[in-house]
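Working notes, beginning with the structure itself.
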Amino acid sequence: MAPPRHLPEEIQAAVLRIKDVEVNNNTPKILNHAVVEAFSEEYLKGLKPGTFLLGTPDEEDELARSSTSRGDDSVGFDSLPSFGTQDRRSDDNEEDLLSDSMSLDEDLYQDEDEIPMGIEPDRKILVDGETYHVAEYLGKSWVAEIMAQHNVKPLQKPPNILFNPFDHQLKGAAQIDHCLEGVFKFFLLGDRMGMGKTLTATLAMWIRKDEPGMSLVVAPASVCAQWVNDIHRYFDEEGGLRAYWLHDPRKSASWLLSQGFDIIVVSYEFLETSLRPIQAFKGSIEAYANATRHATKKVHYPKRPTSALFSKIWKVTQQPWKRTVLDEAHCVSKRSGKRHQAILKLPTVGVVCLSGTAAHNKWTAFSGYLDFVKAHPWTSHARFMRTFCGANANPSNPGVVETRLLQRMLQAILVARPLDAEGMSRLHGLTAFAVCFELDPFDQILVATYTQKYKEEVVKTARMGDDQTDQLKNDGDDSRSAMGWASKARCAAAHPLLLAEIPKKANVQVPETSEQGPTFGRLKTITEDILDTERDYWLGLVQKDSRLMENSARVRVCVATYLWYRAQYPGEKIAIASVSLKILDIMDEVLKKRLQIDAVRFDGTVAPQKRHATLRKMEVAAPEVPLLITAGAGAFGINLPFISCLIQMEPWWNINMELQYTFRAYRLGQQKQVKYIRLEATNSAIDQETIEVQLRKKAVNDRVMAPLTHSHKDEPKILDLWV
Numbered sequence: 001m002a003p004p005r006h007l008p009e010e011i012q013a014a015v016l017r018i019k020d021v022e023v024n025n026n027t028p029k030i031l032n033h034a035v036v037e038a039f040s041e042e043y044l045k046g047l048k049p050g051t052f053l054l055g056t057p058d059e060e061d062e063l064a065r066s067s068t069s070r071g072d073d074s075v076g077f078d079s080l081p082s083f084g085t086q087d088r089r090s091d092d093n094e095e096d097l098l099s100d101s102m103s104l105d106e107d108l109y110q111d112e113d114e115i116p117m118g119i120e121p122d123r124k125i126l127v128d129g130e131t132y133h134v135a136e137y138l139g140k141s142w143v144a145e146i147m148a149q150h151n152v153k154p155l156q157k158p159p160n161i162l163f164n165p166f167d168h169q170l171k172g173a174a175q176i177d178h179c180l181e182g183v184f185k186f187f188l189l190g191d192r193m194g195m196g197k198t199l200t201a202t203l204a205m206w207i208r209k210d211e212p213g214m215s216l217v218v219a220p221a222s223v224c225a226q227w228v229n230d231i232h233r234y235f236d237e238e239g240g241l242r243a244y245w246l247h248d249p250r251k252s253a254s255w256l257l258s259q260g261f262d263i264i265v266v267s268y269e270f271l272e273t274s275l276r277p278i279q280a281f282k283g284s285i286e287a288y289a290n291a292t293r294h295a296t297k298k299v300h301y302p303k304r305p306t307s308a309l310f311s312k313i314w315k316v317t318q319q320p321w322k323r324t325v326l327d328e329a330h331c332v333s334k335r336s337g338k339r340h341q342a343i344l345k346l347p348t349v350g351v352v353c354l355s356g357t358a359a360h361n362k363w364t365a366f367s368g369y370l371d372f373v374k375a376h377p378w379t380s381h382a383r384f385m386r387t388f389c390g391a392n393a394n395p396s397n398p399g400v401v402e403t404r405l406l407q408r409m410l411q412a413i414l415v416a417r418p419l420d421a422e423g424m425s426r427l428h429g430l431t432a433f434a435v436c437f438e439l440d441p442f443d444q445i446l447v448a449t450y451t452q453k454y455k456e457e458v459v460k461t462a463r464m465g466d467d468q469t470d471q472l473k474n475d476g477d478d479s480r481s482a483m484g485w486a487s488k489a490r491c492a493a494a495h496p497l498l499l500a501e502i503p504k505k506a507n508v509q510v511p512e513t514s515e516q517g518p519t520f521g522r523l524k525t526i527t528e529d530i531l532d533t534e535r536d537y538w539l540g541l542v543q544k545d546s547r548l549m550e551n552s553a554r555v556r557v558c559v560a561t562y563l564w565y566r567a568q569y570p571g572e573k574i575a576i577a578s579v580s581l582k583i584l585d586i587m588d589e590v591l592k593k594r595l596q597i598d599a600v601r602f603d604g605t606v607a608p609q610k611r612h613a614t615l616r617k618m619e620v621a622a623p624e625v626p627l628l629i630t631a632g633a634g635a636f637g638i639n640l641p642f643i644s645c646l647i648q649m650e651p652w653w654n655i656n657m658e659l660q661y662t663f664r665a666y667r668l669g670q671q672k673q674v675k676y677i678r679l680e681a682t683n684s685a686i687d688q689e690t691i692e693v694q695l696r697k698k699a700v701n702d703r704v705m706a707p708l709t710h711s712h713k714d715e716p717k718i719l720d721l722w723v
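Going letter by letter, the sequence shown gives residues 1 to 723 in full-length UniProt numbering.
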């Protein structure tokens, strides 16, 4: 309880005067309903929700539809407060950067969005030891940061560049440099896919070319070679940037410095594995000390690990990474992910995140980006949720108040430009089709059964306590979880062979004359991450099945769609994508046996060093040769302007993954109209459930991003904070 305080002298005097007033009213009025209503109407005339005033849900919805940009009258600081070092922790959760299967694990457990027990949702934040209302913190000084970022003058075209950058790219490069030299040391470039974010980021690194040190690009393994090639082709040899793809852990930091590189490109996998032995070295020293104290035999001293990325030489020479660019940054937005934690260990001046789908899976993904931002109070996911989830405590659907707060916060560090009329005029159009079909009767029943089990487990998981939920995640066999049932439903809707049990024995061989078929219906999660020997067994099953196409309605429809497109557009190239590596194995075999076509494969089985050559092989292949590509490999970073038809074998849980896949082909450099075709089974319960999940997430993400997405020529919309 707060201590009692004395009233100011002016108030005390007023109270004394009030006490001296004598009430003498001999004709009291009788209050009835009509009098009260008239008084209320007069008193509330012109009063409406606004700053520091919260209306009813109906009033808020009405204002959300009719509100226009108005001047900001909230309280602000003279300057942004400073903050100490953020507390960061890591756990064992992996980031599935290039996963070949899209499971429900991400949807169910990714962000831990629940507000922790004991923390009440409120609008208070702690700043330099003082408690402030969030509207004060996001007030005038924050708006000043937003406008300062917008008013930055565009970069002048570099003299040695071989391309003509677009206006939005020159403006974006200047905005990146402004924010990284400012208080936040961070910038999130959320331009629509195909808008040339690679060139924009390269121009931002070129601005600091003559300063000591190097810049770092971290990207999916499939696009590292593409990054190096693009950087080299943007400029001439004399005035350009020297880029190097680092994938050899034996290369040292001193060697990199001696070569005079401007930009180092690494994959997320290489970044994480480079840090792992450094973190484990302390434990190795302790184990060595204990062993030498008690062991009777000689123990070898552990070898000290080295890493070019995390070397102390950067601190000694005072040359941290000038710019750290994270391509497809939504892949590492999870705060607890190992790759996310590895990025936080990098010695860098500032971080640039590139993502055409910043809120990739859920709007709460913005919490993870704040780990890379300096000078802000949301140093944990719990603090982020307390401010931006609010009293409704519903992370799936934030209210109008929470959305306005989040939008105001992001406007200072995020720029997202749409594919406007000028950009679309440089392309040749995009047409989307849905090819609808029906599953075979038995498959329909099996899919419906598995989908119902999935829904029941989702409800059960939502009702479970934290301890039980953690136990569910840690169980070795997750076949009875919601993720497991959904995986089975998707497999049953694709091809019955996907439900086959793959033995875990390394020496299992498929008999040449086997009368016993594969086992079905076993409650084991179907996984794409199998050993080479297990994959050999699986491929043996596929090759020996003579009825691959007859046993799956989805495969039959996919082949028919492929043949129809070849007949309609004989000179254009086709890509066929799926979340399942195994269904692509089946498609590959069907194309070989039925059509005598050897497809080009691009998936997790292709080594990163060979992926660039694989794409070049596809570029020069005959039009009838399709590219079979997994969702994980095809939705991140690669450019496919030589492909104009995209066939997607099933709906995907995350609609942003579908957008990423579409914009691999629908981007600058495409010379044909792009046709996007998605196969949908109308009687498949899991297909329809997936589409419903897509639409719910899209509605929330679109609402959050609406005022954040605008042309580089337009001023930001500073909306009122209704708190």
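Glycine included, every Cβ here is placed at the ideal spot set by N, Cα and C.
Return helix, strand or coil for residue i, following the three-state DSSP convention.
i           : result
H133        : strand
K717        : coil
Y450        : helix
I629        : strand
R667        : coil
Q156        : coil
residue 727 : Beyond the ends of the chain as shown, which are 1 and 723, falls residue 727; an answer cannot be given.
V266        : strand
R123        : coil
R250        : coil
A706        : helix
A416        : strand
Y569        : coil
W245        : strand
A560        : helix
E286        : helix
L326        : strand
I638        : coil
I502        : coil
What residue does the alpha helix (DSSP H) around residue i start on, and which one ends it?
i    : result
C224 : 224 to 234
V143 : 140 to 150
A375 : Unbroken run through A375: none, as it is neither H nor E.
A489 : 482 to 494
Using a Cβ-Cβ cutoff of less than 6 angstroms, which residues in the same chain neighbour residue i once the five nearest sequence positions on both sides are dropped?
i    : result
C436 : E680, T682
D440 : A553
K713 : none
G84  : Low confidence applies to G84: its pLDDT is 34, below 50, so where it sits in the model is not reliable, and the reading given next is rough at best. Excluding sequence neighbours, G84 sits near nothing in its chain.
S684 : L439, V447, A493
T709 : A416, P418
P716 : I146, H150, Q411
G429 : Q673
S367 : H381, F384
L326 : V218, C353
Only counting the same chain, and skipping five residues up and downstream in sequence, which positions put a Cβ closer than 8 angstroms to that of residue i?
i    : result
F310 : S274, L275, I278, K345, L346, P347
G669 : N639, P641
Where do the N-terminal and C-terminal ends of the beta strand (DSSP E) with residue i fall, by residue?
i    : result
C353 : 351 to 354
F437 : 430 to 437
S380 : Where S380 is concerned, there is no enclosing beta strand (DSSP E), given that its DSSP letter is neither H nor E.
S215 : 215 to 219
C645 : 645 to 648
E680 : 674 to 681
In its own chain, which residues sit with a C-beta less than 7 angstroms from the C-beta of residue i, not counting the 5 before and 5 after it?
i    : result
A492 : D443, L446, V447, Y450, L499
E589 : V542, Q543, L548
T292 : V299
A706 : none
**Prompt:** Do the stretch 615 to 624 and the stretch 569 to 577 make contact, defined as three or more Cβ pairs closer than 8 angstroms?
**Reply:** Yes, since at least three Cβ pairs between the stretch 615 to 624 and the stretch 569 to 577 fall closer than 8 angstroms, the two stretches touch.
**Message:** In chain order, what are the residue ranges of uninterrupted alpha helix (DSSP H) at least 4 long that sit wholly in the stretch 166 to 192?
**Reply:** At a cut-off of 4 residues, the continuous stretches assigned as alpha helix (DSSP H) that sit fully inside the stretch 166 to 192 are 167 to 181.
**Prompt:** On the three-pair Cβ rule with 8 angstroms, is the stretch 282 to 292 touching the stretch 249 to 256?
**Reply:** The count of Cβ pairs closer than 8 angstroms, one atom from the stretch 282 to 292 and one from the stretch 249 to 256, stays below three, leaving the stretches out of contact.
**Message:** Which runs of the alpha helix (DSSP H) at least 4 residues long sit entirely within the stretch 574 to 619? Give them in chain order.
**Reply:** Counting only runs of 4 or more, we get 581 to 595.
**Prompt:** In chain order, which alpha helix (DSSP H) runs of at least 4 residues are fully inside the stretch 288 to 323?
**Reply:** For the stretch 288 to 323, whole alpha helix (DSSP H) runs of length 4 or above, ordered along the chain, are 313 to 316.
**Asked** Pairing CB atoms from the stretch 262 to 270 with CB atoms from the stretch 232 to 239, are three or more of them under 8 angstroms?
**Response** No, they do not touch.
**Item:** Any 3 or more C-beta pairs closer than 8 angstroms across the stretch 181 to 197 and the stretch 349 to 359
**Value:** Look at the beta carbons and you see the stretch 181 to 197 touching the stretch 349 to 359: at least three pairs across the two are nearer than 8 angstroms.
**Request:** Pair every Cβ in the stretch 654 to 665 with every Cβ in the stretch 602 to 616, then say whether three or more of these pairs are closer than 8 angstroms.
**Result:** Here the stretch 654 to 665 makes no contact with the stretch 602 to 616; the two share fewer than three CB pairs at distances below 8 angstroms.
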